[in-house]
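Enquirer: Could you have a look at this structure, given as structure tokens, before my questions?
Chains as they are written, first to last, in my numbering: chain A, 1 to 519; chain B, 1 to 431.
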């Protein structure tokens with residue numbers, strides 16, 4: 001990471017004459033953690049980082065594994081899939097494969113970050129800078145998080161969810177609850193509103209409203225299914241034009257929660273819980289590169305600032321830089337360790353380069369980023385953090401220099417061709433194309449198949465019709481039948497799924513029965 | 001910029017994932033059971049008592065989601081270009097598994113992804129190993145058919161045999177009775193004696209008209225009468241006697257003993273012996289795991305039988321001919337001397353290659369039917385031989401006809417059958 005080392009405020013560039021390090025050993029104490037946090041906070045304030053209050057929790061390695069396995073939720077309902085996660089995490093940890101434990105920070109107010117007791121003091125400082133000031137300011141500043149999540153309510157909601165699920169287990173049995181959760185998890189990625197802003201989560205209201213909901217929900221569902229015949233021009237199922245829902249619905253879980261005919265109220269409530277959690281995690285899935293890049297950029301910048309101020313020793317910096325380098329390492333595509341682009345590397349590189357463009361622009365930068373080159377870097381970085389998600393962030397800020405440094409290239413894989421084709425590389429004619437292709441790669445709706453609720457046979461067999469719209473002829477994967485079984489469990493009647501490419505049905509899936517043949 | 005709170009959570013519970021982990025094991029118990037039973041076949045005798053690494057096919061535990069499949073047209077950006085230029089064509093690898101997948105675990109033939117492996121503890125291993133097994137016919141001996149009693153002291157009674165006389169209690173009662181009966185009179189005697197002494201000392205002053213002699217005489221008579229009365233109170237009376245009382249209390253008999261009988265004669269090859277030992281080790285672990293209080297008696301035999309300890313049973317070698325009945329006789333002797341069937345649930349497992357001195361087999365059959373089987377809850381015989389059965393097996397078949405509920409025999413031809421046979425012998429029978 002040579003580009004990272006020869007930064008202006010890197011260690012050794014201007015060693016201050018008077019060093020008064022906060023500490024010299026590598027053992028941490030609570031007092032030292034507090035002192036480091038204070039100093040890091042001062043540095044963060046210099047750069048205008050705006051954060052939620054922090055809650056730093058010191059935990060053991062086992063507790064960290066627990067936290068890992070519950071997808072970072074400090075409280076979660078019980079489910080076997082978290083147990084599976086736990087087993088593989090603990091195996092990875094025992095074999096020494098587990099990476100740095102500064103991943104866990106919770107988007108809540110106060111922002112909760114975990115420090116592992118085994119870590120040395122420099123590592124604790126790194127985690128504080130990364131999580132408590134990096135991620136934290138991202139949660140507070142980025143528009144997706146501001147719009148879609150409510151940091152002050154999430155913990156309470158999780159507690160509510162946990163209690164509700166365990167109550168259901170007591171009343172209806174572990175197996176019955178597990179089945180519903182399995183099915184909800186299968187559809188979880190399709191249980192979010194991508195465009196419509198959801199009502200903020202509030203645990204208190206949730207509990208209050210839940211009783212009311214139980215009462216009214218069933219009635220509303222029944223409304224849809226009332227059997228009083230209503231003769232109108234729509235009656236003939238073949239010629240009928242009007243569908244229900246009239247517009248395709250992207251949020252499958254929401255649609256099922258509100259419309260599935262046979263679900264009991266507690267089942268609807270569980271669907272609701274899973275879908276709320278999916279919604280909560282949705283911004284994180286769309287901002288991984290930015291979020292990690294931002295946090296990595298700031299731990300790097302803040303700790304270097306500490307060094308400039310003479311607050312940390314050379315030994316501290318060496319240990320810190322070693323970890324940092326490991327985090328931003330990007331194995332090349334032909335390495336056995338390659339598993340796609342490292343979001344830390346990509347995000348860190350873009351933010352770092354953005355600062356360079358502001359501080360020391362070249363002619364190329366002035367041509368590519370006329371609005372940014374030479375501006376105040378702190379403001380520019382904050383603007384970039386606040387107003388974008390991965391896709392648009394890359395599209396906007398990936399510079400030719402970063403593409404060159406990472407040696408990016410695009411490969412086309414067409415099942416109608418015998419070979420792969422390199423379509424763009426890190427050169428003058430390729431930059432724009434490459435940037436567009438990489439940005440598209442981070443578009444969630446491009447990464448996940450586009451599947452929506454198309455129609456319900458309201459007057460007939462009550463079957464649910466889903467519609468998949470393929471992009472570039474990419475078909476659905478092998479899990480599709482299985483997911484459909486889960487959808488069928490929730491819906492209670494036949495579920496069909498059609499892949500419709502430009503008006504023609506290219507593929508169909510059914511659970512459990514194919515539809516009756518109609519002309 | 002807010003304040004930072006630093007909290008020490010290390011003392012909060014760990015194992016927050018214990019429930020989720022348990023849910024996972026519960027969900028995949030069938031897979032795990034199978035892996036455990038496979039593991040038993042692989043393991044050597046000595047290391048059965050540890051945890052196990054379990055592998056489950058990943059596809060069985062996948063959580064399905066809608067994702068992109070193979071095919072179509074797609075483009076991916078990769079880092080680390082070395083020599084490619086725009087327009088280069090690269091050959092596709094066999095199988096079409098591409099670099100160009102959207103995301104998710106869409107690798108249908110990706111290596112290393114096929115198995116989900118994890119560790120279970122020794123405790124869990126044994127739980128899965130012995131799940132659904134139990135000692136058949138285990139009886140908690142009920143009151144009515146209990147023949148073993150404990151005598152417990154339960155106070156005193158006024159009746160009993162002289163041997164149970166409680167001397168202290170009886171004398172204490174007698175003393176109390178004597179005080180009760182004699183006290184008032186003794187007091188009266190003391191008063192009268194005082195009057196008498198007064199009369200005698202005042203003789204001179206008294207009027208001659210009133211002779212004291214009568215009065216003295218009367219007092220003396222009265223005192224003598226009272227004294228005689230007191231004297232008639234017996235030192236000890238029949239009603240004073242107290243006997244220690246004992247109550248016969250039925251003894252709950254859930255204690256069990258397992259007899260392990262193994263043939264170690266020359267005809268047993270090392271392979272046979274290993275198989276037999278592994279069978280017994282399974283049995284031993286099963287007993288130790290499930291029954292807190294259980295005695296195990298190890299008997300090994302060739303032409304003569306010997307009771308040995310665990311160590312010798314499993315690890316020392318012998319050669320010689322075979323007389324199975326010697327072991328049965330020893331077992332019967334041990335039952336008679338140490339394990340009254342009234343108190344003990346008695347089990348026996350016998351392993352042999354089926355080879356026996358021919359004249360001895362009918363003896364064995366007779367010993368079993370006449371003396372042993374009426375005493376034991378369950379007798380299991382495993383014959384370790386890939387070959388045809390010999391006399392002993394056929395003899396035992398007749399035994400089984402007579403005692404279908406408490407006698408079972410199975411054949412083990414190769415080591416992989418040990419665990420299935422073991423399960424068959426100790427399967428929990430539907431009640």
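Glycine included, each C-beta is placed from N, C-alpha and C at the ideal position.
Step through the CB atoms of chain B and report whether any lies within less than 7 Å of the CB of residue 408(A).
Expert: Yes, contact with chain B.
Enquirer: So, is the C-beta of residue 473(A) closer than 7 Å to a C-beta in chain B?
Expert: Output row for residue 473(A): interface = yes.
Enquirer: If you draw a straight line from the C-alpha of residue 443(A) to the C-alpha of residue 390(A), how long is it?
Expert: Each residue's Cα considered, the two are about 8 Å apart.
Enquirer: In angstroms, rounded to a whole number, what distance separates the CA positions of residue 337(B) and residue 125(B)?
Expert: Cα to Cα, the separation comes out at about 37 Å.
Enquirer: Can you give me, in chain order, the residues of the region 5-22 of chain B that have a beta carbon less than 8 Å from any beta carbon in chain A?
Expert: Answer set for the region 5-22 of chain B: 5, 6, 7, 8, 9, 10, 12, 14, 15, 16, 17, 19, 20, 21, 22.
Enquirer: Helix, strand or coil, according to DSSP, for residue 408(B) in the structure here?
Expert: Residue 408(B) falls in the strand class under three-state DSSP.
Enquirer: Going by DSSP, what residue range makes up the alpha helix (DSSP H) through residue 368(A)?
Expert: Where residue 368(A) is concerned, the enclosing alpha helix (DSSP H) stretches over 363-368.
Enquirer: According to DSSP, simplified to helix, strand and coil, what is residue 358(B)?
Expert: In the structure shown, residue 358(B) sits in coil (DSSP, three-state: anything other than H, G, I, E or B).
Enquirer: Do the region 469-476 of chain A and the region 433-442 of chain A touch if we need at least three Cβ pairs shorter than 8 Å?
Expert: The region 469-476 of chain A vs the region 433-442 of chain A: no contact.
Enquirer: Given a threshold of 16 other Cβ atoms within 10 Å of its Cβ, counted over all protein chains shown, does residue 176(B) qualify as buried or as exposed?
Expert: That one is exposed.
Enquirer: Cα separation between residue 168(B) and residue 182(B)?
Expert: For residue 168(B) and residue 182(B), the distance between alpha carbons rounds to 21 Å.
Enquirer: Could you list which residues in chain A have their beta carbon closer than 8 Å to that of residue 73(B), in chain order?
Expert: Near residue 73(B) (Cβ distances below 8 Å), the residues of chain A are 412, 413, 414, 415, 416, 472, 473, 474.
Enquirer: Let's test the definition: count the other Cβ atoms within 10 Å of the Cβ of residue 87(B) and tell me whether it reaches 16, buried, or not, exposed.
Expert: So residue 87(B) counts as exposed.
Enquirer: If I'm right that residue 447(B) touches residue 276(B) with Cβ under 8 Å, what's the distance once you round it to whole angstroms?
Expert: The question about residue 447(B) has no answer here: the residues shown for chain B are numbered 1 through 431.
Enquirer: If we cut at 7 Å on Cβ distances, does residue 69(A) have a partner in chain B?
Expert: Closer than 7 Å to some Cβ of chain B, the Cβ of residue 69(A) qualifies, so yes.
Enquirer: Identify every run of the alpha helix (DSSP H) within the region 300-351 of chain B, keeping only runs that are complete inside it and at least 4 residues long; order them along the chain.
Expert: The qualifying runs are 310-315, 324-338.
Enquirer: So the beta strand (DSSP E) residue 4(B) belongs to, where does it begin and stop?
Expert: Run containing residue 4(B): 4-8, per the beta strand (DSSP E) assignment.
Enquirer: Comparing C-alpha positions only, which one of 286(A), 254(A), 144(A) sits nearest to residue 446(A)?
Expert: Comparing Cα-Cα distances from residue 446(A) to each of 286(A), 254(A), 144(A), the minimum goes to 286(A).
Enquirer: Buried or exposed, going by whether 16 or more other CB atoms sit within 10 Å of the CB of residue 39(A)?
Expert: Result: buried.
Enquirer: Below 7 Å CB to CB, which residues in the same chain sit around residue 82(A) once its five sequence neighbours on both sides are set aside?
Expert: Excluding sequence neighbours, residue 82(A) sits near 69, 70, 76.
Enquirer: Which of the residues in the region 50-79 of chain B, read from start to end, lie with their CB under 8 Å from any CB of chain A?
Expert: Taking 8 Å as the Cβ-Cβ cut-off against chain A, the residues of the region 50-79 of chain B that qualify are 61, 62, 63, 64, 65, 66, 67, 68, 69, 70, 71, 72, 73, 74, 75, 76, 77, 78, 79.
Enquirer: Residue range of the alpha helix (DSSP H) that residue 266(A) falls in?
Expert: Run containing residue 266(A): 265-286, per the alpha helix (DSSP H) assignment.
Enquirer: According to DSSP, is residue 62(B) helix, strand or coil?
Expert: Coil at residue 62(B), not helix or strand.
Enquirer: Using the rule of at least 16 other Cβ atoms within 10 Å of the residue's Cβ for burial, across every protein chain shown, is residue 20(B) buried or exposed?
Expert: Classification of residue 20(B): buried, given that the 10 Å Cβ count is 16 or more.
Enquirer: Indicate whether residue 520(A) and residue 378(A) have their beta-carbon atoms separated by less than 7 Å.
Expert: As shown, chain A starts at 1 and ends at 519. That puts residue 520(A) outside it, with no answer to give.
Enquirer: The beta strand (DSSP E) that contains residue 135(A), what's its start and end?
Expert: Looking at the DSSP string, residue 135(A) is not in any beta strand (DSSP E), and its letter there is neither H nor E.
Enquirer: Work out the CA separation of residue 393(B) and residue 400(B) for me, nearest whole Å.
Expert: If I take the Cα positions, the gap works out to 10 Å.
Enquirer: Quick one: which chain A residues come within Cβ less than 9 Å of residue 92(B)?
Expert: The answer, in chain order, is 413, 417, 418, 419, 420.
Enquirer: To the nearest angstrom, how far is the alpha carbon of residue 607(A) from that of residue 169(A)?
Expert: No answer is possible for residue 607(A): the residues shown for chain A start at 1 and end at 519.
Enquirer: Under 8 Å, with one C-beta from each stretch per pair, do the region 310-324 of chain A and the region 55-65 of chain A reach the 3-pair mark?
Expert: No contact exists between the region 310-324 of chain A and the region 55-65 of chain A.
Enquirer: Report yes or no: is there a C-beta of chain B within less than 7 Å of the C-beta of residue 60(A)?
Expert: Yes, contact with chain B.
Enquirer: Using the C-alpha atoms, what's the distance from residue 302(B) back to residue 314(B)?
Expert: Going from the Cα of residue 314(B) to the Cα of residue 302(B) covers about 15 Å.
Enquirer: Measuring alpha carbon to alpha carbon, tell me which of 52(B), 78(B), 5(B) ends up nearest residue 412(A).
Expert: Cα-wise, what sits closest to residue 412(A) is 78(B).
Enquirer: In the DSSP assignment, find the unbroken beta strand (DSSP E) run with residue 89(B) in it and report its ends.
Expert: Here the beta strand (DSSP E) through residue 89(B) covers 89-91.
Enquirer: Measuring only the C-alpha atoms, how far is residue 305(A) from residue 362(A)?
Expert: In a straight line, the C-alpha of residue 305(A) is about 25 Å away from that of residue 362(A).
Enquirer: Kindly list, in the order they appear in chain B, the residues whose Cβ is closer than 8 Å to that of residue 88(A).
Expert: Ordered by position in chain B, the residues that pass the 8 Å Cβ test against residue 88(A) are 116, 118.
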